[in-house]
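Enquirer: The listed protein sequences correspond, in order, to chains A and B.
For the first sequence, numbering that gives the first Met the number 0 gives the first residue as 0, with consecutive numbering after it.
For the second sequence, numbering that gives the first Met the number 0 gives the first residue as 0, with consecutive numbering after it.
For every residue, glycine included, the Cβ atom is placed at its ideal position computed from N, Cα and C.
All figures in this text were calculated on a predicted structure; none of them were measured in a lab.
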Amino acid sequence: MNTIHILGFILMLIGFWGMLTQKNMIKIVLAMAIVETGVQLVMVAFGFIKGRTAPILDSPELVKNAANLIVDPVPQSLVLTAIVIGVAVNALMLAFVIKLYQKKKTLSITEYKDLKW
Amino acid sequence: MIKKMFAFILLMFMAIMFYALNSNITENKELFGVARSYAERGAGELGTQNIVTSIVVTYRGFDTLGEVSVLFIAATGVAVLLRRKEEEAPGKRSKRQSSEILQTGTKLLTPIIIMFGVYIFINGHLSPGGGFQGGAVIASAVLLLFLSDINYEINHSLFNIIESFSGAFYVVIGLLGLILLGANNFLDNRILPLGEFGAILSAGAIPVIYSLIGLKVGTELASIIDNMKRD
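The following block contains the structure:
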């Protein structure tokens, strides 16, 4: 029934798998981006209502009867926010990876033991 | 090996959790509460065709201001982390000039991509799109310039001026709502006339705010790219 939700959850699982098993830090960042995509997909799918149209009121009928013809616009605007923040977070994480690589010349996370007990 | 087993068990638990969550999802039939209210009021009250834009820019405008700040802080963080010290030689590695196809294609495409980005954020209140998307498109044009020309440098002072002024004007427009329309109207778009529904210059201050956001996001993402390519 809710295929898109299932796809989103599967994407999240793939991303978590990558974050837990990969050694390469860039791959970990990418796995986190995949988790983000899954979450966003699930969130957008929450707002979907079957048989309705996008929340853009470009015809008079839509303007008159908007609440009964459009899908939920709130998750869409929340996801818009989430995507932008996701880009910023990814950029910041990649900057950290670049900085760590400059220190030790390796991308493998097992080499960074300073905070490990 | 044992670590992979742990990861697998953890993911199994997660999958069970998601399964339970997924089987509890009931299909939506109606809009409720705040979504219904936005859908009913959005067009008449704010004059926007795109309900998502009316939520992002006006109803939850304060949230968007915070979001722009988060993006700004992240860009600053990238700049601080990747700041290069003066004594480091700029190009130790030999750089290769990009191909003829990329160079010619960039010359042809850059103005069109920037124009498309501007189109996206100016039409934010009418069609899908808006400041964030348009800004990302403009930043992609800058990325193309970096790829095609190894010696390309962005005009840092110009970018800084655009970024700071668009951010400052965004806050000023928000404060104008407080001054002109009274309390509880921070970031209200009705400080300008709403105009004809569906026209480019309609929906009050929303096109202005979205253009400012577009310029800010575009210059911020471009400076992130610039910082990343320096090493």
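Return the CA-CA distance between B/H155 and B/T52, expressed in angstroms with no decimal places.
Expert: By one-based count along the second sequence, residue 155 of chain B stands at place 156. By one-based count along the second sequence, residue 52 of chain B stands at place 53. Between B/H155 and B/T52, the C-alpha separation is close to 31 angstroms.
Enquirer: What does the Cβ neighbour count give for A/S76, buried or exposed, with the cut at 16 atoms within 10 Å?
Expert: By 1-based counting over the first sequence, the position of residue 76 of chain A is 77. By the 10 Å Cβ count, A/S76 comes out buried.
Enquirer: Quick check on A/Q75 - is its C-beta less than 8 angstroms from some C-beta in chain B?
Expert: For the purposes of this step, residue 75 of chain A is identified with residue 76 of the first sequence, where counting begins at 1. For A/Q75, the answer is yes, since a Cβ of chain B falls inside 8 angstroms of its Cβ.
Enquirer: Look at the Cβ atom of A/G7, then the Cβ atom of A/V41, and state whether they are nearer than 8 angstroms.
Expert: Mapped onto the first sequence, residue 7 of chain A falls at position 8. Mapped onto the first sequence, residue 41 of chain A falls at position 42. Yes, they are a contact pair.
Enquirer: Can you say whether B/Y18 is buried or exposed, counting buried as having 16 or more other CB atoms within 10 angstroms of its CB?
Expert: By 1-based counting over the second sequence, the position of residue 18 of chain B is 19. Per the 10 Å Cβ criterion, exposed.
Enquirer: Per DSSP, what are the beta-bridge partners of B/N27 in this structure?
Expert: On the second sequence, position 28 is the one that residue 27 of chain B refers to. Looking at the DSSP assignment, B/N27 forms a beta bridge with A/I48.
Enquirer: Consider the Cβ of B/V207: report whether some Cβ of chain A lies at a distance smaller than 8 angstroms.
Expert: For the purposes of this step, residue 207 of chain B is taken as the residue at position 208 of the second sequence. For B/V207, the closest Cβ of chain A is not nearer than 8 angstroms.
Enquirer: What does A/N23 touch in chain B if you count any residue whose Cβ is under 9 angstroms from its own?
Expert: In the first sequence, residue 23 of chain A corresponds to position 24, counting from 1. Ordered by position in chain B, no residue passes the 9 angstroms Cβ test against A/N23, which lies about 15 angstroms from the chain.
Enquirer: So, at 6 angstroms on beta carbons, what are the nonlocal neighbours of B/G195 in its own chain, with the 5 sequence-adjacent residues on each side left out?
Expert: Translated into positions along the second sequence, residue 195 of chain B becomes position 196. For the sequence presented, residue 195 of chain B should be read as Glu rather than Gly. S201, listed in sequence order.
Enquirer: Using only the alpha-carbon positions, how far apart do B/T105 and B/G176 sit?
Expert: On the second sequence, position 106 is the one that residue 105 of chain B refers to. On the second sequence, position 177 is the one that residue 176 of chain B refers to. If you take the alpha carbons of B/T105 and B/G176, they lie about 42 angstroms apart.
Enquirer: Under 9 angstroms, CB to CB, which of the residues in the segment 117-130 of chain B have a partner in chain A?
Expert: L125, S126, P127, G129
Enquirer: Distance cutoff 8 angstroms, beta carbons only. Does A/T2 sit that close to anything in chain B?
Expert: On the first sequence, position 3 is the one that residue 2 of chain A refers to. It does not; no Cβ of chain B falls within 8 angstroms.
Enquirer: Report yes or no: is there a C-beta of chain A within less than 8 angstroms of the C-beta of B/K28?
Expert: Position 29 of the second sequence holds residue 28 of chain B. At least one chain A Cβ lies under 8 angstroms of B/K28.
Enquirer: With distances taken from CA atoms, which of B/K2, B/E99, B/E26, B/Y118 is nearest A/K22?
Expert: Against the first sequence, residue 22 of chain A aligns to sequence position 23. Checking every option, the nearest Cα to that of A/K22 belongs to B/K2.
Enquirer: In this structure, how does DSSP classify B/N188 when only helix, strand and coil are distinguished?
Expert: As a position in the second sequence, residue 188 of chain B is number 189, starting the count at 1. DSSP places B/N188 in helix when its eight states are reduced to three.
Enquirer: Between B/K228 and B/F131, how many whole angstroms is the CB-CB distance? I'm expecting something under 8 angstroms.
Expert: Locating residue 228 of chain B in the second sequence gives position 229, counting from the first residue. Locating residue 131 of chain B in the second sequence gives position 132, counting from the first residue. About 22 angstroms separates the CB atoms of B/K228 and B/F131; that is not less than 8 angstroms, and the two are not in contact.
Enquirer: What does the alpha-carbon distance come out to for the pair B/G60 and B/G133?
Expert: Counting from 1 along the second sequence, the entry for residue 60 of chain B is found at position 61. Counting from 1 along the second sequence, the entry for residue 133 of chain B is found at position 134. If I take the Cα positions, the gap works out to 18 angstroms.
Enquirer: Consult DSSP for A/N23 and reduce its assignment to one of helix, strand or coil.
Expert: Position 24 of the first sequence, counting from 1, holds the residue named residue 23 of chain A. Three-state result, A/N23: strand.
Enquirer: Taking Cβ to Cβ, would you say B/I161 is nearer than 8 angstroms to B/T109?
Expert: Numbered from its first residue, the second sequence carries residue 161 of chain B at position 162. Numbered from its first residue, the second sequence carries residue 109 of chain B at position 110. No; because the gap between Cβ atoms is not below 8 angstroms, this pair is not in contact.
Enquirer: Does the beta-carbon distance from B/I50 to A/P59 come in below 8 angstroms?
Expert: Taking the second sequence and counting its residues from 1, the one referred to as residue 50 of chain B is at position 51. Taking the first sequence and counting its residues from 1, the one referred to as residue 59 of chain A is at position 60. No.
Enquirer: Specify the secondary structure class of B/I161 as computed by DSSP and reduced to three states.
Expert: Counted from its first residue, the second sequence places residue 161 of chain B at position 162. Helix.
Enquirer: Excluding the 5 residues preceding and the 5 following A/A30 in the sequence, name in chain order all residues of the same chain whose CB lies nearer than 7 angstroms to its CB.
Expert: As a position in the first sequence, residue 30 of chain A is number 31, starting the count at 1. So the list reads G14, G17, M18, Q21, once near-sequence residues are dropped.
Enquirer: Exposed or buried, what is B/G128 when buried is set at 16 or more other beta-carbons lying within 10 Å of its beta-carbon?
Expert: By 1-based counting over the second sequence, the position of residue 128 of chain B is 129. Buried is the call here.
Enquirer: Using a C-beta to C-beta distance shorter than 7 angstroms, which residues of chain B count as neighbours of A/I84?
Expert: By one-based count along the first sequence, residue 84 of chain A stands at place 85. What A/I84 touches in chain B: E66, V69.
Enquirer: Along the segment 56-74 of chain A, where does the CB come closer than 7 angstroms to a CB of chain B? Name the residues.
Expert: L56, D57, V62, A65, A66, I69, D71, P72, V73
Enquirer: For the segment 138-166 of chain B, list every residue whose C-beta sits within 9 angstroms of some C-beta in chain A, in sequence order.
Expert: none
Enquirer: Express the C-alpha separation of A/I27 and A/V34 in angstroms, rounding to a whole number.
Expert: Stepping through the first sequence from its first residue, residue 34 of chain A is reached at position 35. Stepping through the first sequence from its first residue, residue 27 of chain A is reached at position 28. Answer to the nearest angstrom: the Cα atoms are 11 angstroms apart.
Enquirer: So which residues of chain B does A/V88 contact, with C-beta pairs closer than 8 angstroms?
Expert: Indexing the first sequence from 1 puts residue 88 of chain A at position 89. Residues of chain B passing the Cβ test: A73.
Enquirer: Report yes if the C-beta of B/F158 is less than 7 angstroms from at least one heavy atom of the ligand COA; otherwise report no.
Expert: In the structure on display, the ligand COA does not appear, and there are no ligands present to speak of.
Enquirer: Can you tell which of A/L114, A/L68, A/N64, A/T109 has its C-alpha closest to the C-alpha of A/T52?
Expert: Working through the first sequence from its first residue, we reach residue 52 of chain A at position 53. The shortest C-alpha separation from A/T52 is found at A/L68.
Enquirer: Helix, strand or coil, according to DSSP, for B/T22 in the structure here?
Expert: Taking the first residue of the second sequence as 1, we reach residue 22 of chain B at position 23. Note on identity: in this sequence residue 22 of chain B is Ser, with Thr being the wrong assignment. Three-state DSSP puts B/S22 in a helix.
Enquirer: My assumption, with CB atoms under 8 angstroms, is that B/N226 sits in contact with A/N1. Please give the rounded CB distance.
Expert: In the second sequence, counting from the first residue as 1, residue 226 of chain B sits at position 227. In the first sequence, counting from the first residue as 1, residue 1 of chain A sits at position 2. That pair is no contact at about 41 angstroms.
Enquirer: Does the Cβ of B/N122 have 16 or more other Cβ atoms within 10 Å, making it buried, or fewer, making it exposed?
Expert: If you number the second sequence from 1, residue 122 of chain B lands on position 123. By the neighbour-count rule (16 or more Cβ atoms within 10 Å), B/N122 is buried.
Enquirer: Just to confirm, are B/Y169 and B/L64 a CB contact at a threshold of 8 angstroms?
Expert: The residue you call residue 169 of chain B lines up with position 170 of the second sequence. The residue you call residue 64 of chain B lines up with position 65 of the second sequence. In terms of Cβ geometry, B/Y169 and B/L64 form a close pair [threshold 8 angstroms].
Enquirer: Can you confirm whether B/D62, when its beta carbon is compared against all beta carbons of chain A, has any partner nearer than 8 angstroms?
Expert: Within the second sequence, residue 62 of chain B is the residue found at index 63, counting from 1. Cβ-Cβ to chain A under 8 angstroms: yes for B/D62.
Enquirer: Which chain B residues sit within Cβ distance under 8 angstroms of A/T80?
Expert: Numbered from 1 along the first sequence, position 81 holds the residue referred to as residue 80 of chain A. Near A/T80 (Cβ distances below 8 angstroms), the residues of chain B are V55, D62, T63, E66.
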